[in-house]
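Q: Keeping their order, the protein sequence lines are chains A and B. Take 2 as the starting number for the first sequence in our numbering and just add one per residue. Take -13 as the starting number for the second sequence in our numbering and just add one per residue. Where a beta carbon is used, it is the ideal one built from N, C-alpha and C, also for glycine.
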Amino acid sequence: MARLDLHGIHKEFGEVTALAELSLEVESGELVSLLGPSGCGKTTALRIVAGFEQPTRGELLVDGSDVIPVPASKRNMGMVFQAYSLFPNMTARQNVEFGLRMRKVARDKCRARAAELLELVGLAARVDNYPHELSGGQQQRVALARALAIEPAILLLDEPLSALDAKVRVDLRQQIRHVQQRLGITTLYVTHDQEEALSISDRIAVMSDGNLEQVGAPAEIYRSPHTEFVANFVGLMNGFDGRVQAADMVTIGSSERPIGVHEGHGCTAGGRVLVLIRPESVQLEELVDGAAVPDGAFEGKVLMHTFLGSVTRMNLSSDVGDLVADVPSLRALTMPPDTRVGVRVDPAGVKLLAR
Amino acid sequence: MASVAAPAEKKARRAPREHRRPSFWTIFWLIMAALYFLIPLYSTLQFSLETGQHSYGFKWYGQTFADPMFRTSFLFSLRLAVETVIIGLVLMVPTVYWVHLRLPQLRPLMDVVSILPFVVPPVALVVGLSGVFNVLPWMLSNSQILAFIYVILALPFTYRSLDAGMRAINVKTLTEAAQSVGAPGWKTLLFVILPNIRTAMLSGAFLTLAIVMGEYTISSLLLFNTFAVYMYYIGNTEAQPAAALAIISFTLTWGAMMGLFLLSRRRGRGSSPGVTAVSR
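This is the structure:
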């Protein structure tokens, strides 16, 4: 277990800035995900940590020691790649043993360690299979075992699940998390998949255009995004222009419709804000036969249903603009398209960002 | 009750087999193409075996093998071929690897440079090289120079074989994967890259072998008695031993090719570059 510190890591490719003064601390035994869209610099950051890229400037510390001058082969960091990276000429066991052989570990110890790790990743029966005889998920599990075999100080995972199909992806991410927690290994995980990051991480670092937008626990990132980018990138969000009326009240849209918010949002009364509402915080109630809109609600009309299994995503038009609501699927059946609905917002699900 | 397949179902079941069966015209043109190659070969073989009117034997083969010039020139060419292969691979494997790994933008330039030996005729090449080596006259009279010239001549085949081999594997990812578990550069090349481009290396090596064994212009101009020069000499002086020599040369070349084929099948079991399992 080791602690990883990135201090002001800056990387330029010609005139393009890939990373702008990135600073991030990863505690011992912690799994931190770098989450962001393609081209945000997350893989560049990981490659700098691995030693495959040199930063333009900045410090990279492992347990307080600067490792930037250390070549990749001597950094003691195991890495799992996005592309299948097993050595095609070696069996699963030989792939796992490879790092140990490079360290001149005795043959019987290599075998024992490889067997132990392949069992840990559930491939004890496939030790003598070559990579082309393994499925994509199995190959990535062998790659994980190979990365762990050298007992690395830091484990680096570069979108290891992106080439796999949905079910394998979910199974394997749980397995990666299980192995990471069992071994207590410090891990940096790169992904563009927010669901993956939310489900696997101790903390998430959201990146955009080479900058760190926000670092926090998955629930914090989801519930309290600090920037509009984070709000829009992590999960689905309804966004409206609004104005703070009181500590617990904000008006949204051109209709100046008031909705309740929890106090402590930090925005000053009278100030313009961006009002962010998660779809699951929107509550709908059917208005039958020209019934009046209840107090504290505003009027809307169902435009479209998207069935997602346990919930149905409903697109609505309303006084304050178009919005999206996630409703339990059984309840959504009672509100087909063109239904008039009363729309309420749970104050706990409202987030304000000062404009 | 036993179910009876309807005729349409039976037809559908047969369909895949019928689909694989080659058409009449496919077989016809395949036979025509085979005859185009086999008839001259058969004629040469028959001529090389003729020892008199309607009598056949291995007289001319025996005479050829007994000729000390045959052994000398064949072994000389074989030695040159082996040296050319070694020099070519030692020069080109690290170069192509480095271009793939660090300088991919140079690949178009490498493509152009590699086909220069096709553009420059061997006569022009040898005249040019004679001019270059005039400052080192001992070099021109040393048979070793041929190996260096043949490396240039075989460059298109060596480069393209290696380039194709390295394109078939993900050189960058494999190298980084090896480095991440502690392998230094030379061990990565030796234990990870080379085994996975073995077929490409063998392919380049055997193409080089075939070129060197049959190269006449340069060795003749530089006054070296290689196998090709010997074949040319025999061809001009004795008709039937020349036919026997042509069959021997053909057999050796095909033997080498079959060796490559069998070796790549037998030893390539674990390495299937380009084969990527889909997720299941």
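(1) Pick helix, strand or coil for A/TYR131, following the three-state DSSP scheme.
(2) Check whether the Cβ atoms of A/ILE205 and A/VAL235 lie closer than 9 Å to each other.
(3) Verify the CB distance criterion: does A/ARG104 have a CB-CB separation below 9 Å to chain B?
(4) If we call anything under 9 Å between Cβ atoms a contact, is B/VAL157 one with B/THR70?
(5) Look at the alpha carbon of A/ASP347 and the alpha carbon of A/GLU257, and state the distance between them as a whole number of angstroms.
(6) Does any CB atom of chain A fall closer than 9 Å to the CB of B/ASN182?
(7) At which residues does the beta strand (DSSP E) containing A/SER209 begin and terminate?
(8) In chain B, what lies closer than 9 Å to A/ILE151 by C-beta?
(9) Note down the Cα distance separating B/ALA(-6) from A/PRO337, rounded to an integer number of angstroms.
(10) Tell me whether B/ARG255 is buried or exposed, calling it buried when 16 or more other Cβ atoms sit within 10 Å of its Cβ.
(11) To which residues of the same chain is B/TYR216 closer than 7 Å at the C-beta, ignoring the five residues directly before and after it?
(12) Compute the distance between the beta-carbons of A/GLY261 and A/ALA355, then report whether it is under 9 Å.
(13) Less than 8 Å between the CB atoms is what I'm expecting for B/VAL85 and B/LEU92, so what's the real figure, rounded?
(14) Helix, strand or coil for B/MET217, going by three-state DSSP, please let me know.
(15) So A/ILE151 and A/ASN77 are supposed to be a Cβ contact under 8 Å. How far apart are they, rounded?
(16) As a quick exercise: from A/SER34, A/LEU25, A/SER24, A/GLU26, pick the residue whose alpha carbon is nearest that of A/LEU199.
(17) Could you check the C-alpha separation between B/MET18 and B/TRP11 for me, to the nearest Å?
(18) Does the Cβ of A/GLN175 have 16 or more other Cβ atoms within 10 Å, making it buried, or fewer, making it exposed?
(19) Give me the Cα-Cα distance between A/GLY15 and B/LEU87, rounded to the nearest whole angstrom.
(20) Within 10 angstroms of the Cβ of B/HIS40, are there 16 or more other Cβ atoms? Answer buried if so, exposed if not.
(21) Buried or exposed: where does A/SER311 fall if 16 or more other Cβ atoms within 10 Å of its Cβ makes it buried?
(22) Are the beta-carbon atoms belonging to B/PRO170 and A/PRO70 less than 9 Å from one another?
(23) So, does the CB of A/LEU157 fall closer than 9 Å to a CB anywhere in chain B?
(24) I'd like to know whether the C-beta atoms of A/VAL143 and A/LEU119 end up nearer to each other than 9 Å.
(25) What separation, rounded to the nearest whole angstrom, lies between the Cα atoms of A/ALA167 and A/LEU157?
(26) For B/GLN226 and B/VAL105, I'd like the C-alpha separation in whole angstroms.
(27) Can you tell me whether DSSP reads B/MET96 as helix, strand or coil?
(28) For B/TYR47, which of helix, strand or coil comes out of DSSP?
A: So, to answer that:
(1) Taking the first sequence and counting its residues from 1, one reaches residue 131 of chain A at position 130. If DSSP states are grouped into helix, strand and coil, A/TYR131 belongs with coil.
(2) Counted from its first residue, the first sequence places residue 205 of chain A at position 204. Counted from its first residue, the first sequence places residue 235 of chain A at position 234. Yes.
(3) Translated into the one-based positions of the first sequence, residue 104 of chain A becomes position 103. Taking 9 Å as the threshold, the shortest C-beta distance from A/ARG104 to chain B falls below it.
(4) Taking the first residue of the second sequence as position 1, residue 157 of chain B is located at position 171. Taking the first residue of the second sequence as position 1, residue 70 of chain B is located at position 84. Cβ atoms of B/VAL157 and B/THR70: not closer than 9 Å.
(5) What you label residue 347 of chain A is simply residue 346 of the first sequence in a count that begins at 1. What you label residue 257 of chain A is simply residue 256 of the first sequence in a count that begins at 1. Distance between the alpha carbons of A/ASP347 and A/GLU257 is about 18 Å.
(6) Looking up residue 182 of chain B in the second sequence gives position 196. Yes, contact with chain A.
(7) Sequence index remark: in the first sequence, residue 209 of chain A carries index 208 (1-based). Residues 204 to 209.
(8) Start at 1 with the first residue of the first sequence, and residue 151 of chain A comes out as number 150. Below the 9 Å Cβ cutoff, chain B contributes SER166, VAL167, GLY168 as neighbours of A/ILE151, in chain order.
(9) Your numbering for residue -6 of chain B matches position 8 in the second sequence. Your numbering for residue 337 of chain A matches position 336 in the first sequence. Residue confidence for B/ALA(-6) is low, a pLDDT of 44 falling below 50, so the modelled location carries little weight; the figure read from the coordinates is stated next. Computed Cα separation, rounded: 46 Å.
(10) Counted from its first residue, the second sequence places residue 255 of chain B at position 269. Any reading at B/ARG255 must be qualified, since the residue scores a pLDDT of 49, below 50, and its modelled position is unreliable; no value is offered.
(11) In the second sequence, counting from the first residue as 1, residue 216 of chain B sits at position 230. So the qualifying residues of the chain are MET55, PHE56, SER59.
(12) Residue 261 of chain A sits at position 260 when you count from the first residue of the first sequence. Residue 355 of chain A sits at position 354 when you count from the first residue of the first sequence. Contact flag unset, no.
(13) Taking the second sequence and counting its residues from 1, one reaches residue 85 of chain B at position 99. Taking the second sequence and counting its residues from 1, one reaches residue 92 of chain B at position 106. Confirmed, Cβ separation roughly 5 Å.
(14) By one-based count along the second sequence, residue 217 of chain B stands at place 231. In this structure, B/MET217 counts as helix in the three-state DSSP scheme.
(15) Locating residue 151 of chain A in the first sequence gives position 150, where the first residue counts as 1. Locating residue 77 of chain A in the first sequence gives position 76, where the first residue counts as 1. Indeed, because the Cβ distance is near 7 Å, the residues count as touching under 8 Å.
(16) Numbered from its first residue, the first sequence carries residue 199 of chain A at position 198. Closest option to A/LEU199, Cα to Cα, is A/SER34.
(17) What you label residue 18 of chain B is simply residue 32 of the second sequence in a count that begins at 1. What you label residue 11 of chain B is simply residue 25 of the second sequence in a count that begins at 1. When rounded, the distance between both Cα atoms is 10 Å.
(18) In the first sequence, counting from the first residue as 1, residue 175 of chain A sits at position 174. By the beta-carbon neighbour count (other beta carbons within 10 angstroms, threshold 16), A/GLN175 is exposed.
(19) One-based indexing of the first sequence puts residue 15 of chain A at position 14. One-based indexing of the second sequence puts residue 87 of chain B at position 101. Cα to Cα, A/GLY15 sits roughly 19 Å from B/LEU87.
(20) Along the second sequence, one-based indexing puts residue 40 of chain B at 54. By the 10 Å Cβ count, B/HIS40 comes out exposed.
(21) For the purposes of this step, residue 311 of chain A is taken as residue 310 along the first sequence, with counting starting at 1. Classification for A/SER311: exposed.
(22) In the second sequence, the residue the question calls residue 170 of chain B occupies position 184. In the first sequence, the residue the question calls residue 70 of chain A occupies position 69. Contact: no.
(23) Sequence index remark: in the first sequence, residue 157 of chain A carries index 156 (1-based). Yes, its Cβ sits closer than 9 Å to a Cβ of chain B.
(24) Numbered from 1 along the first sequence, position 142 holds the residue referred to as residue 143 of chain A. Numbered from 1 along the first sequence, position 118 holds the residue referred to as residue 119 of chain A. In contact: A/VAL143 and A/LEU119 (Cβ atoms closer than 9 Å).
(25) As a working mapping, residue 167 of chain A is identified with position 166 in the first sequence. As a working mapping, residue 157 of chain A is identified with position 156 in the first sequence. Taking the straight line joining both Cα atoms gives about 22 Å.
(26) Start at 1 with the first residue of the second sequence, and residue 226 of chain B comes out as number 240. Start at 1 with the first residue of the second sequence, and residue 105 of chain B comes out as number 119. Roughly 35 Å between the two C-alpha positions.
(27) Numbered from 1 along the second sequence, position 110 holds the residue referred to as residue 96 of chain B. Looking at B/MET96 - three-state DSSP - the assignment turns out to be helix.
(28) The sequence position of residue 47 of chain B within the second sequence is 61, counting from 1. B/TYR47 falls in the helix class under three-state DSSP.
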